[in-house]
Each structure stands twice: as structure tokens, then as C-alpha cells.
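The sequence shown: position 615 = 615 (full-length UniProt numbering), numbered continuously.
Report on one structure; see the data block that follows.
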Amino acid sequence: MDISLLLDLSQPYDLQKVEMLDELVGVMYGLRPGDRIIADKILSELKQKTDSWRIVGNILQLSSDYNTKFFALSILEKCIQFQWKILPFDQKTGIKQYITELCIELCQDEKILNENKHFLNKTNETLIMIVKQEWPDNWENFITEICNAAKTNQYICENTMKLLRLLSEEVFDFGEDQMVSKKVEKLMSILNQQFPQILSLILFVLTSYLENPQNIKVNLVVSSLQCLCHYLKWIPLNYILECDLRPQLPHSIASNGNNSIIYNLLQFLLDHFWGNPSFRLESIKCLTEISPLKFDENTKDSGGGLSKQIEDQMVQIWLSIVNRIKEVPNEYAQYDTMPNISTSSRLYYERYFNYIALLLSSFIKTHRLTICEKYPETIKGMDFALERMVNISYIQNDEIFKVCIDFWLHFTQQLVYDVLDNSKKKSIDSSMMNSQAKSSPLFLLKNDNFGNIDNSDPHKQENPFNNPEEYSSRLIHYQSLLCDVRKMVICRMAKPQEVYIAIDPETGEVTRENIPDTDEISLYKSLREILIYLSNLGQNYMEKIILQLLQEEFDVVCINCGVICTCNSYSGNQWNPIKLNRLCWAVGSISGSLSKNIERRLVIEVIKSLLMLCERKRGKANKAAVASCVMYVVGQYPRFLRDHWKFLQTVINKLFEFMHETFPGVKDMACEAFLKIATKCKKSMSSNNFIDGNNRGSSNQILSEIIDGGLQEIKFLKYMISYSHELKQHLDEKQILILIQGISLTISSLKDVDEQYLYVTELLLIFDSLYWKDIVSKLVELRSNPDNQGIINELCSMECSQRLIIIVRIMETIASSCGVGFARVLIERSSFLIEFYKLYSNFILGEVQRKGIVIISHAHIKQLRISKKEIIKLINSFISFIAPRKKLKLSENKNLSGYITDIQSILYHNITGTEMLQYIIHPIIIPILEDYHACISEIKESQVLILSSTIIVRLNDIVKVNNDFFNAIIYHLFECTLSMIKDNFHAYPDHREFFYSFLADCNEFCFLQLINLPGNILTLYIESIIWAIRHEQPNMAEKGLIVLYNFLINLINNNSSKDSGIQSSCTQNNKLFQFCHAFYLSIIREIFCVLTDTLHTSGFQYQTMVLYELIKISEFSLFEANQGSKQTNIASNSSLICDSCQGTTCKISKVGVMEYIADLLIKSFITVQKEQVEVFVLELFNSVHSKTISDFQRLVHDFLIQIKEFTNEESKQMFEIEKSIALKRAIEIENNKQWMIPGLINQEIGLNSNSGEGDDDIGDDDDDE
């Protein structure tokens, strides 16, 4: 039988057709042999047919394949979602009745339910989709009906709980994404009103279980508690606490021994379901949902606190929670290491402690001040809860630990704020007392020196964290607990990103970590913040705990590392450095939070102990583990190093020693620790500090030569440069660059530019002999004989280009760290660099012409292109250093437009704008741009676009003065790059990304030059942005939208600016007017295009922001040429006439734009009606008068949901009503506009008035003027 017959819906679906459909669905899911592509095509076409929902009933009845039934229900869901409103009433009723009966049929007994469990879930989802369409307007008694039906059968009741849970999720969790905002608000309101019926059903199940537990299924009770948990998220806390359950419960269940307190739902769960292990977890989840809810204002008394009744209930609930937690012994927190515990029990306790941590965390965060710390008994409960949280924090489970860390972060932060607030209050009180005392004669008599009374600095206050307990009694109470927290955090400290030496916690193996763990880095940041708070809350306590833990570790080492100890031998593996590492990570993380004295004592003791350990340990792995601790700690305390020069000198020498180590990761850490120290201590390292002869390093040949020359005292900076000559033999390229960067940063702190240049030259000389001199000499030789192919081939060889890459990277590192001192070096070498650039470019182009485009993938050509990229990167880094992004303070030599006219007055450090043009822009940048424009697309370097963006941003003052330079950049980059990326969305991804970054920078920094470009170039600019917003990649489309939005904002601001320097003329010189006539409607069309498709949903925020500005332009007539025309036409925008539209109504006037949008939407979507679109367009223009864009975005969001659904005649009547409301609002807005224009309304009133008072008033104003 031909499978295409399945698409013929004119013939009924009989058993033969259904069996064929079963076969086809089986092929689609890979369960049966066949062509899946054909099967997918047939099923997709069948699903897309408008009347395919009519065959669903036959398929569900005749098919025995659940996959086919799933497919049938998916067809029905599509109909319900998009076509429901246009179905006849009897068909909607039939579908509703059929799905309802199907749900009941599948829940008749346990056997049917187990066989059809997944199909029942799908049926439930379909029923809820119908409910969202029908309830409450056409199915008012839905909640009542299913609640009544639930009491007839336990299986039906369990499924009813699932239905109610699904309904809550669809309305409250996912409603905003699937329904219009008015519909969501309506359903929320109705569901809130009918919640008592749902609660009554849940209580019916729970009380039935308590009265007769043998006859009620456990799964039904669990499902009821899960349903209750979903509804507790949004039910007001007042209702939960004030709803007394005694009337609905048997007396034996509701009796709690205290008739004065309302027996609420929470107490009911605590009394009867927490204690049962089968229901404990769900009960905890219910209480956790309640814990973060806030009280309404009507629950508070006149003093702003909670009413006595509510407070008593919350106290009772808190104490009950604490008592229930006490029932589970603390030993179970070590469930993971307990012997003879089953896997199911281990999983149970894992979930239990996770839920307990969530409950205590949310309850204490929300009710700490109002409940937990208010009464002696609640404070005892608080102490117990905090101790339990400390114990839970030791559980080796990442999810539990993250919950605990989030709690401790909040708890310690609040204690710190408490100290700060109290110190401020105390300071204010003392200042008031001092002012009163100073005004007293007795005060003056008691002071011998009257002149010093007012000499105290009011802003100089004692640091409250030097003695925080003085400012907080709570801190005194919790200090012992905080010591336990300090120990816990230190013992579980995460590894910071700077540490490369990793230790396997299971095997103890020391390795080099290649890929940073982002989760652990994030955890480290949280733990670091906690430790900083804890340090401020007790600096002496923190020091004592750290030294105590360090001594414990040291004692273990002393015992195990004696003279005859095996673990100290080369084969020993007994020592595990994890604890030591975590301790050192904690020490490094609290840098800056201790006072200078405590920090000095702590650092000296820790470093001294670590260096002793490093000396004692045997084996490279163990030494590497200790060395990583040393390097991390010293890098974290720059303040201490700056204050102790000899210690800093020792640390640097120790790092130089570590740079000789061969264990993986040690050199990397040593280099990065050196860079971190150089960044923070560069002034100390570059000042006139000298190094002792004992610390020079005997292997350093250069230093020996200096000593032999008679210099017994060597500057430390010179010593580091000289020592790098030896280190280059032990370090790889990446490590050498880090070392050079640290030295360059030190050089940059020198004030004398000439001295910087000398040190930079000396540093480069170390590497020039290896990488630079030989290739430059060959290049000079090529100058005299430019046709010597042998020299050309040698310069373009792999070896020569690799040397160039290394030396250029070294120069780039110096330029990015010490650009001012490097400027003269760059000028000296610029001609050679550009010659290499052109040589490689010509060589690559020649190879492509001879051997074809495939040659660019060969290693040789790739390396030559890398050389070019490194030269571009060098220039980019130099410009980025000497010209910071911040706006510089320039001379006052400006023209009327606010721009500098004298390029000589532009200064970048010690380099003038003229020098920048003469030595950098013309000889280096222009040739690079010309090469980019001339070469073929496949070998254009995307880094040129990055360089151009840097020039626009950093050298924007030169660009603004020199229009020829800006035009040259645009000429060489724009069209040739656009031609590369406009054919598809995939080619040249780097060029595409950097090109749009370049457009964004032009828009931000050179807007006036941009809009004054020739018309064809500006058109290409706009079209390229429109091309970007169509992009399939969300980040690229978002970038295009951002550029377009900022362009519109700049255009509007420039149009309204009095100092813009652009003459206002309606049809010629008004840039906004010209822009709107050229691009306004096309941009509107493109924005609606991406708004309504399914590929660009992630860009909704920026799409609506652009649309908002476009509508504002039309609504407020921002394109009007001058203020006079605005005042005369603001009330009659609809009849605006302009020459550009050949005397007709302006196409970008309000009415013209409204008609265009309405026509566009009506033609594009068959699902919408004319009245519906008219309402949307009217409200679109009305909503731009709101103070925020949120109303506008909500309106667009609702319309995007509406266009997916077909509408009926009833909806048409509703849209007519909404249209009249929108028109009324639009008229009110127009009237308000007219009232804002002085004289417009008064003159109209004056025409029908017999009184001349108005004329007199106007005359008076004229006289006054």
C-alpha cells in the first residue's frame, strides 16, 4: 500500500491506515527498518495539515503502538495551541470530553496505569493545554470537577494531583512565555481564588492516610505533598499562617495542646509527616518553599513589627523545625563513610541533608532578626541550627557544599554590616556629644590648650575591625561558632586560578593542571569572600587558627621526616599535601583584610615554615607541591613585600630558583608569581635598591663580568635583566614572555623616559643576537639587491619567520607593558618591520598565484601569516598602551564644534599628534591598511580590523582632526570586508566579528565623521548593520542590534543638539530627516522580520529597544527640521507634508508609519485580524509615552504570542472594544501634547469666548518681555 495515502484526509483512517502509520512511526524512531528521511517527510507533512487533528481519535482507538499515540497527541496539541479558537463549539466540546474520559480511563486501576504511565503523562499535558484555552470562561467548574472526581478513586486522585501540579507550572512558572500577560494575570487570580478547593482535596488525602494508613497508597500521599509544594510558592504567607485547619481535621489530628495558637498547615506537616521517612523529604521541601516568603504589611502592628499571633506561630514553627532536625543524629552527616550502609540509604541521606541545608539557609536568611534571634528559646534553636550547618558543610557533596557556602557568605556578611552600622552610629553619637561638650564653658575651663580643641580630623575614624566585638554583641555570642566556620572553610578551601600544581584528592598524585576548573574558581571566589569577612570579624582568631593548623601540619612532617623516616626518602609516598595546599590558599585569600602587624607576623611565619618544608622534602613532586604554596602566598601579599625590601629581594631570587625546576607547572607558577609581584611592587623593584653580592647567583656570567668591572653594588632592575640572560636557557617561549612582561612593568615605573629606553634596549639586546640581528642583516642585503630570489627565499623560510615571530612577540610584550620607553625602539625598527610585512605578503600572494588557494593551509604559509599577525599585534599593543581609552585632558584649542584643530596639541604621554602621524601612522599603519585592501580575501588578516578599532578608540582625537585619515581607514576596510561576509552567514567568522566591532567603535567615537561619509558608503554602513541583525548566530545578531540602537540614539541626540555644527534644514541638511526617508521603513520591516521568526528570539530585548526608538521618532516628530515646525505640526502629525514625498502625506509621519506597520503585519500573518493589528499598532505608539520601556516590550511580547493563534468572531468583538479604548487613549495623549504647547489650546478657546481676559494676559506678557 502506498504510504502517501496517509496524507489523504478525505478518506477515514481505518485499521489498515493506522497499521501503516504504526509502521512509519517505527521507522522514524529507528525501531523498524526503512528510510527515515522519507518517514520524517511524510509525518511532518501530515502534522502540518490543518485538518489532521480529525484523525487523532481513530489513531488513539485503533493503534497499539505508544509511539504512534504520542504522535497523534502531538498533532492534537498543535491544533489546541494554534487553531482552538476557530474550531466549532461542538468539536471543541467533543475533544475536551474525549481527552478527559481518556485520562479517567487510563487511571482506572493499577495495571492499566503502570502500562500506560508515559502515555498518561502526555494525555495530562494535552488536557492542561485545553484547560488553558477554556478555563475559566468556558469551563468555569474545572477545578471543582476534578477535585470531586479525585475522591472516587485513589489512582484518579493521584493523577489529579499531577494535573493540578501541571496547571500551577503552566500558569506560574511558564505562563509568561506561552500566554499574553492579561491571560496570565487572569488565570493567576482565578487559581488563587480556587486554591481552597485544592487545599481541601490535599487535606482530604493527608487526613485519610493519618486515619487509615493501611488503605491509602504512599505514592498518593507523596504526590499530594508534591502538589502542595508547587502551590506554596505563590500562596501568600499570611493565608498559610492564618488558615486554621481545626475545622477541616479530626480532633485527634488537630490537637496540639495549645488552643490559643492557630493550627496551620505548616504545623500540621511538622506534627504528622516530617517524622515519617517516606514523607520527610517532601515535607521539608514544602517548608523550604514557605521559608523565604515575606509578610504582608497587614500582618504588622503599629510599630512595624509582626503581630503577636503571627509571631507566636512563626516561633512555634521554628522550634518545631529545630526539634525535628534533632531527631536525626549528627553522625549521619558522615553517611558517605559509614560502614554497612546501603546505596538507597546513602542517596536518601544525601537528599535529606541537602534539603535541610536549603531549609535552614532560607529560614535564617529571611527570619533571623524577627524570629530566630528574638527570644532565648529561639536563640538556642539558632545556635543548634548553625552548629548543624557547620557539620553539614563537611559533607563531601558539591551541591550541599554550595548551599552551605551561600549561607555562610550571607551570614558573615550580615555580621560585618552589623559592625559597620554600629560603628557609624557610635561615631555619630560621640561627635554629637563632643559638639555639645565643646559649647559648654566647663569644657573650655578643663582644657589648657584652647587652640587645639578643633584640630581633630572628623573624617579620621578608628577602624572598627581592629576590635569588632566592641561594636556587636551578636559577634561576641557567635565568635566560638565563627572559629569553627573558619576551620571548616580553610579545610575545604578551593584552588585559586593562579595555582597550576594539582593534587588528586583520591590518589594524592601531584600533577600539572592544564585546563582551569571554572566551577572551582567560582567556589574559590565565594570562599575567599567568606574568609575575608571572618578575618575582619576576628583577626587574632584567624591568625591563631592558621598558625595552629600550620603547626599541626609541620608536626606531622617532623614526625614523618626525621633522619630515618621513609616518607622523606625519594621513594616515600606517605605525605599528602592537600591539607597544606588548602591552608596556603586560605592564607593567600585573606590578603588585605589583616592589620599590618598581624599580616607581617603571619606572612613571616608562614613563608619561613614553607621554605623549611621545601628544604626538608625529598622528591620533585613533593617539592613542587610546597613550592606552589610558597609562590601563591608571596604573590598575594604585595603590601608586605613593598614594606620589606630584603624580603622582596629574597622572594624574587627564590622565584628565579624555581624557574630552574623541571617538574611540570613549577616554572609556570614561578613566572606568573614574578609577574604578579612585579605588577604590584614595580616601584620598589625599580627604585635605587641594590642587591648584595651573596644573592647574585654564581652562575650568572653577565653579573660576574659586571663585578669584575668594579661595580660591587648592582641595581636590582639591572640584576633582573642580566639574570634573564641565564633564565632564557631554562624557560620556554611562553615563560620567557611572562618574565619579560614583569621586567618591562618594572621599567615602566621609571619616571625618566630616556632611562626607560636604555633599560628596554638592554633587555632586547639579550634576545637580538639570537633572533633579530641575522635576519635584519639579510634584509639590508636584500635592499641593495631586491631581485635576489635566494635571499627572499631564505627570509621567507620557516626558520627565519620563526625567529621573527619570537622577537616580535618579545617586542609586543615590552610594548604592552612599557610603551613609552619602547616608542623610540619601535620608531628605529619600524622600517624593518614593515619591509618584513610587505615581503611576506608578496611572497604569500605569489605562492597562491602559482600553486592555487590551497597553499594557504600549508604550514609554511601559515607561519608567514602568523608573522604578519604578530607585527599587527605589536602596533596594536603599543597604541593601546600610550593612548588609554579614557578621555584625555587636552588643550583648549578647539573650534566651534568642540574638536581640536591643532594636531600638535594632542598628547599621548610624551608623544604629540604630529609625531604619531609622522612616525607611526604614515610609515606603519597606512601600509598595513593598503596591504589589506590590495590582497585577496583568503589572505586578508582579521587583526587589521582589530588594529583599526584600536585606532578609532584610542587615537580618536587624531581621527577627528584628520578626516583624510578616517576616510582612508573606511576606504581600505569597508567595502572589501563587506564583500567577504555578505554572501552567507558562515564564511570568515573572525572578520565578521571584528568588522562589526569596528562599526560599533566608529559609531561611538567618530559619529559625525561617519554620518558625513558619502551617501553610497553610509548606505553600505546601514545595510551591513541590517545584514548583521539577520545573522543566525545570536551573538552576531545582538552585536548588530546594539550598533543600530546606538546609531539611532546618536542620530537623535545629534539632531537635537544645538552645538552639533550641522545646519538644520528639513530636506537637505537634517541628517535624521534624510536617514528616516532613506532607511526608516526598511529598518521597521527588518525589525519585525526578526521579531516574528523563530531564529532570533534571543535578541528580543535589543530588537524592542530599536523598535521603541523608531516609534518614538515618528510619534514625537523627532525628524522635524526645527523647533518651529515641531510646534506647528506636533498636533497634526497625520497631515505632515514634505517635499521629499512629492507633496503627499509624509510616509514617515505617524499615520504613514502606522498604516505601513498594519499593512505589513496583516499581509504577513493569516492568523491575525485587521482589528487585532490596529489595536496593537495604536498601543505601540501609545506605549512610548510610558516612563519605562517595559510596557512597550510587554505589548510586543503579547502580540508575538497572539500571531501564533487563529482568532474567531468572538475575539473580533473583543478587539473592537480594545481598539476603542486604545483610540481614546491616543486622543488623550494628543490632547496632552497640545496642552504642552503654550497658546495652542488657549487660542482655540478664545475664538468662542466673549471675554478679552486672555488677550489682555498675552499682551501683559509681551509688555513684560
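Where is the CB? At the ideal position from N, CA and C, for every residue including glycine.
- DSSP, reduced to helix, strand and coil, places residue 740 within a helical segment of the structure shown.
- Residue 870 holds the alpha-carbon nearest to the alpha-carbon of residue 806 among 824, 963, 870.
- The DSSP-derived three-state label of residue 715 is strand.
- Under the three-state reduction of DSSP, residue 490 is assigned to helix.
- For the set 913, 352, 908, 872, the Cα lying nearest the Cα of residue 944 is the one of 872.
- Residue 29 sits in coil when the DSSP states are folded into three classes, being neither helix nor strand.
- When the alpha-carbon of residue 913 is set against those of 362, 868, 960, the nearest one is in 960.
- When secondary structure is reduced to three states using DSSP, residue 1097 falls in the helix class.
- Residue burial is scored here from C-beta neighbours: residue 813 has at least 16 other C-beta atoms within 10 angstroms and is therefore classed as buried.
- Scanning the region 887-974 for uninterrupted alpha helix (DSSP H) segments of 4 residues or longer gives 913-916, 926-934, 943-954, 956-961, listed from N- to C-terminal end.
- Remark: C-beta atoms of residue 34 and residue 25 do not approach each other more closely than 8 Å.
- Between the alpha carbons of residue 1199 and residue 337 lies a gap of roughly 57 Å.
- If you look at residue 272, you'll find it in the alpha helix (DSSP H) that goes 265-272.
- With the rule of 3 Cβ pairs closer than 8 Å, the region 162-178 does not count as touching the region 1182-1189.
- At the C-beta level, residue 933 and residue 985 stay beyond 8 Å of one another.
- Apart from the 5 residues on each side of it in sequence, residue 412 sits with its Cβ closer than 8 Å to the Cβ of 482, 485, 530, 533, 534, 537 in its chain, given in chain order.
- In the DSSP assignment, residue 822 falls within the unbroken alpha helix (DSSP H) covering 819-851.
- Residue 144 is classed as exposed because its beta carbon has fewer than 16 other beta carbons within 10 Å across all chains shown.
- For residue 665, the number of other beta carbons within 10 angstroms of its own is at least 16, and it is reported as buried.
- Note on the region 186-225: whole alpha helix (DSSP H) runs with a minimum of 4 residues are 195-211, in chain order.
- If you draw a straight line from the Cα of residue 139 to the Cα of residue 73, it is about 21 Å long.
- Take residue 1194, set aside five residues on each side of it, and the residues of its chain with a beta-carbon closer than 6 Å to its own are 181, in chain order.
- Rounded to whole angstroms, the gap between the alpha carbons of residue 951 and residue 876 is 8 Å.
- If the five residues before and after residue 1071 are omitted, its C-beta is found closer than 6 Å to the C-beta atoms of 1011, all from its own chain and listed in chain order.
- In the same chain as residue 863, and ignoring 5 residues on each side of it, the C-beta atoms closer than 7 Å to its own belong to 798, 801, 802, in chain order.
- Between the beta-carbon of residue 740 and that of residue 760 there is about 10 Å, and that puts the pair past the 8 Å contact cut.
- Residue burial annotation: residue 1037 is buried, with at least 16 other C-beta atoms found within 10 angstroms of its C-beta.
- In the DSSP assignment, residue 757 falls within the alpha helix (DSSP H) that extends over 753-771.
- Exclusion of the five residues before and after residue 811 leaves 874 as the residues of its chain whose Cβ lies within less than 6 Å of its Cβ.
- Assigned with DSSP and collapsed to three states, residue 664 falls in coil, not helix or strand.
- Boundaries of the alpha helix (DSSP H) harbouring residue 996: 989-1005, taken from the DSSP string.
- Note on geometry: alpha-carbon atoms of residue 366 and residue 292 lie some 6 Å from one another.
- DSSP, read as helix, strand or coil, puts residue 659 in coil.
- Approximately 7 Å separates the beta-carbon atoms of residue 489 and residue 586; this is inside 8 Å, confirming the contact.
- Counting only unbroken stretches of 4 or more residues, the alpha helix (DSSP H) elements lying wholly within the region 85-164 are 89-105, 110-115, 117-134, 142-150, in sequence order.
- Contact check for residue 827 and residue 844: beta-carbon distance about 27 Å, past the 8 Å limit, so the pair fails to qualify.
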